[in-house]
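Comments concern the structure below.
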Amino acid sequence: LFGPTNPLHWRPRFTPALILQAGQAAPVTEFNRKQKAVPMNLLSTEQVIDAMKALLAAPQAATSYVGTDGTPTT
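Position in the sequence shown (first residue = 1) + 42 = the working numbering.
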């Protein structure tokens, strides 16, 4: 969950993970150095619960490292 911090620098580096940021309708998949800071109170509980359900329903996959460009590496 990301509020005023930039997920480019602080996002999870391993999968499976979903990056939620207030003001975004879907999990964030593209990042930039000047991403706008948004208050966390704009992140709905419904978004968080939906993301948790998606992660829990997904088949367990091998954990992989996610590079700075957002692509998985081994």
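All residues carry an ideal CB built from backbone N, CA and C; glycine is no exception.
Bear in mind that the values here come from a model prediction, so they are computed numbers and not experimental data.
Taking Cβ positions, are residue i and residue j nearer each other than 8 Å?
i, j, result
"L29", "P58", "This structure cannot settle anything about residue 29, because the visible part of the chain is limited to 43 through 116."
"A64", "V80", "yes"
"P69", "A99", "no"
"I61", "R55", "no"
Using the beta-carbon count (16 or more within 10 Å), is residue i buried or exposed?
i, result
"Q102", "exposed"
Rounded to whole angstroms, what is the Cα-Cα separation between residue i and residue j?
i, j, result
"N74", "M82", "19 Å"
"Q77", "N48", "6 Å"
"A67", "E88", "11 Å"
Between which two residues does the alpha helix (DSSP H) carrying residue i extend?
i, result
"L50", "P49 to W52"
"I91", "T87 to A99"
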